[in-house]
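See below for the structure under consideration.
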Amino acid sequence: MKPLGPIPPHFPAQGADLLIAGRPARAWAQEHGTPLFVYDAAVVRARVAQLRAALPPAMRLHYAVKANPFGPLLALLAGLVDGFDIASAGELALITAQGIDPARAGFAGPGKRDAEIAAAIAAGVTLHCESAREVERALALGEAVGRRPALAVRVNPDFDLRGSGMKMGGGARPFGVDAEQVPPLARRIVASGAEWRGFHIFAGSQALDAQAVIATQAATLDLALRLAHEAQVPLPALNLGGGFGIPYFPGDMPLDLDAVGAALAQRLAEHGPALHGTRLTVELGRYLVGEAGVYLARVVERKESRGEVFLVTDGGLHHQLAASGNFGTVVRRNYPLALANRMDAPADEVASVVGCLCTPLDRLADRAALPKGAEGDVVAVCCAGAYGATASPAAFLGHGPAVEILAENGLPSAG
Ligand SMILES: *Cc1c(COP(=O)(O)O)cnc(C)c1O
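Structural data, given as C-alpha cells:
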C-alpha cells in the first residue's frame with residue numbers, strides 16, 4: 001500500500017461528498033461531464049492575499065503563465081497580480097486575448113524565434129535575454145520594428161535552489177547567461193540605448209523548505225547587486241524568481257510563507273539604499289494556482305486482476321501527466337486523490353486508479369487505501385491547477401482534451 005498526498009483543507013468533505021467551491025464534486029461532474037478540471041477562484045484569491053500579507057509591500061507579484069494558461073484564470077489573475085511571465089509568442093497572444101497589457105509582461109525562455117522577439121518588442125514586453133546572441137538579435141529586431149526594446153538579462157546563477165524539485169540554475173544550463181559573463185553584457189545593453197530592465201534570476205522550482213528559499217533569495221539579491229556593481233550599471237529591476245512549492249505528496253508540509261516574507265523584509269532593510277529604485281518581483285506559477293485546481297474523472301469500470309483492484313477511469317495522464325509521475329519526478333509518489341462521492345466511507349480497500357490509455361504509465365494512484373470503489377464513482381485528483389491540461393499530451397490516443405471551468409462561489413464562469 002502506498003500513501004496518498006494531502007487533500008487541501010479548502011476542499012472539505014460534507015457527508016459522502018468532496019466539496020469544491022462549496023459544491024459537491026459529483027454535481028460538477030454531472031453538470032459538465034468528465035474528465036473535468038475545476039479551478040476555484042476563491043482559493044486563488046486567498047493565496048494572493050496571503051502572499052500580499054506575508055511579503056514586503058514593495059514586492060511585486062508575477063504569474064508564470066505556463067503553469068496554467070486557461071483564459072478565465074488569466075482574466076481573474078489580471079486583477080490580482082502585478083504582471084505576467086510568458087515563455088512564447090503563443091502565451092503573449094493568450095494574455096492579450098484577455099485584455100492584459102503586454103507592458104506588464106516579461107518574456108523569458110530559451111530559443112526565442114525572431115518573430116517572437118519582434119512581436120514582444122512591438123508590444124512593449126520586457127525581454128529576459130538568455131544569451132549575448134539573443135541581446136544582439138533583440139537590438140537588431142528593435143530597429144526593424146522601430147521600437148526601443150526593453151531588455152533584462154536572465155542570469156544563470158552559480159547556485160541552485162536547494163531541495164527544489166526542478167533545478168533551473170547552477171552549473172551548465174540552457175537558461176540564462178552564466179553569471180561571470182553578465183557584466184559586459186549589461187554594459188552593452190545600457191550603451192546600446194535600449195531600455196535597461198535589470199536582472200532575472202530563477203534558481204529552481206517546487207521548494208517547500210523555507211530556509212532554502214530564504215537562502216536562495218539572499219544569494220540572489222547579493223549576486224544581482226554584485227553584478228550591477230561590477231558592470232557599473234544601475235539596477236532598475238530585479239526578478240528574484242520564485243520556486244515556492246506546494247504539498248503534493250504524503251509527508252509534504254506547506255511552505256512557511258511568513259518566514260520567507262520576514263527574512264526577505266530583513267534582507268531588504270539590510271541592503272538599504274543599494275536597492276532603492278530597484279523594482280523587485282517574485283514570479284510564481286504553481287503556488288498561485290496549483291492547489292486551486294481539481295481534476296475529476298469518472299470510474300468506467302472496476303476491474304480485478306490477479307488479486308489487485310483497478311479503478312479504470314475516463315481520465316488519465318493525457319490530462320494529468322504530473323499526477324501519473326511522468327512530469328519531472330524521479331520517484332513516483334501518489335498525488336492527493338479521493339473517491340469524491342465516498343468521503344464518509346472507510347478506506348478499507350487497496351486499489352490502483354488508472355486512466356484509459358493503453359500504457360502502464362497511466363496511473364493516477366498506485367495501490368492506495370481507498371473506500372471500495374464502483375463504476376460511476378467520481379475520482380478527484382487534487383493539486384491539479386498547475387501543469388495539468390496544457391502540460392500533458394492531450395492528443396495522445398485521441399481521447400481529446402478535458403473540459404476546464406473556473407468556479408466562482410459554486411458557479412462556473414465561461415470557459
Ligand atoms: C516555470 C517557471 C516559473 C514558475 O515555476 P513554478 O514552480 O510553477 O512556480 C517561474 N519562472 C520561470 C522562469 C519559469 O521557467
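Its first residue numbered 1, the sequence shown is counted upward by one per residue in UniProt numbering. Idealized CB from N, CA, C, for every residue including glycine.
Compute every distance between the C-beta of residue i and the non-hydrogen atoms of ligand 1, then say whether any falls below 8 Å.
i: G109; result: yes
i: K66; result: yes
i: R286; result: yes
i: E116; result: no
i: S205; result: yes
i: residue 425; result: Given that the chain is displayed from residue 1 to residue 415, the structure contains no residue 425 and the question cannot be resolved.
i: Y387; result: yes
i: H276; result: no
i: G242; result: yes
i: D178; result: no
i: A87; result: yes
i: E230; result: no
i: E195; result: no
i: residue 444; result: Look at the range of the chain in this structure, 1 to 415, and you will see that residue 444 is not part of it.
i: F199; result: no
i: F159; result: no
i: E283; result: yes
i: G328; result: no
How big is the Cα-Cα spacing for residue i and residue j?
i: Q206; j: V260; result: 14 Å
i: L383; j: L406; result: First, the amino acid is wrong: residue 383 is Cys here, not Leu. Between C383 and L406, the C-alpha separation is close to 15 Å.
i: L264; j: I246; result: 20 Å
i: L317; j: Q266; result: 43 Å
i: M253; j: L208; result: 7 Å
i: P236; j: V350; result: 56 Å
i: A75; j: E308; result: 45 Å
i: G285; j: G99; result: 20 Å
i: D82; j: P69; result: 16 Å
i: R226; j: L268; result: 15 Å
i: A347; j: P371; result: 4 Å
i: A139; j: L275; result: Here the sequence assigns Leu to residue 139, which means Ala is not the residue at that position. For L139 and L275, the distance between alpha carbons rounds to 27 Å.
i: A108; j: H128; result: 5 Å
i: A394; j: V403; result: 11 Å
i: A228; j: P234; result: 6 Å
i: L80; j: R52; result: 10 Å
i: A49; j: G290; result: 16 Å
i: D85; j: A345; result: 43 Å
i: L311; j: V300; result: 8 Å
i: A21; j: N341; result: 15 Å
i: L212; j: L255; result: According to the sequence provided, residue 212 is Ala. The question's Leu does not apply to it. Approximately 10 Å, taken between the alpha carbons.
What would DSSP say about residue i, mapped onto helix, strand or coil?
i: A207; result: strand
i: V331; result: coil
i: H32; result: helix
i: S192; result: helix
i: P24; result: strand
i: H229; result: helix
i: G7; result: Going by the sequence as given, residue 7 is Ile instead of Gly. Here I7 sits in coil by DSSP.
i: F37; result: strand
i: Y248; result: coil
i: T216; result: helix
i: F310; result: strand
i: D160; result: coil
i: Y287; result: helix
i: F396; result: helix
i: T390; result: helix
i: R137; result: helix
i: Q181; result: helix
i: L370; result: strand
i: V403; result: strand
i: Q266; result: helix
i: E408; result: strand
i: A237; result: strand
i: E304; result: strand
i: L296; result: strand
May I ask you to check if the CB of residue i is nearer than 8 Å to at least one heavy atom of ligand 3?
i: G293; result: Of the ligands this structure carries, namely ligand 1, none is ligand 3.
- Decide if the segment 236-247 is in contact with the segment 212-224; the criterion is three or more beta carbon pairs, one per stretch, under 8 Å apart. Yes, the segment 236-247 is in contact with the segment 212-224.
- Is the segment 274-282 touching the segment 57-76, taking contact as three or more C-beta pairs under 8 Å? By the criterion of at least three beta-carbon pairs nearer than 8 Å, the segment 274-282 is in contact with the segment 57-76.
- Message: Which runs of the beta strand (DSSP E) at least 3 residues long sit entirely within the segment 49-120? Give them in chain order.
- Response: Within the segment 49-120, the complete beta strand (DSSP E) runs of at least 3 residues fall at 60-64, 83-86, 105-107.
- For the segment 371-386 and the segment 3-14, state whether three or more C-beta atom pairs, one from each stretch, are separated by less than 8 Å. These segments touch.
- Message: Using a Cβ distance threshold of 8 Å, determine whether the segment 24-32 contacts the segment 292-303, with at least three qualifying pairs required.
- Response: Flag = yes, the segment 24-32 and the segment 292-303 touch.
- Query: Using 8 Å as the Cβ pair cut-off and three pairs as the minimum, do the segment 319-328 and the segment 190-202 touch?
  - Reply: Under the Cβ criterion (8 Å, minimum of three pairs), the segment 319-328 does not count as touching the segment 190-202.
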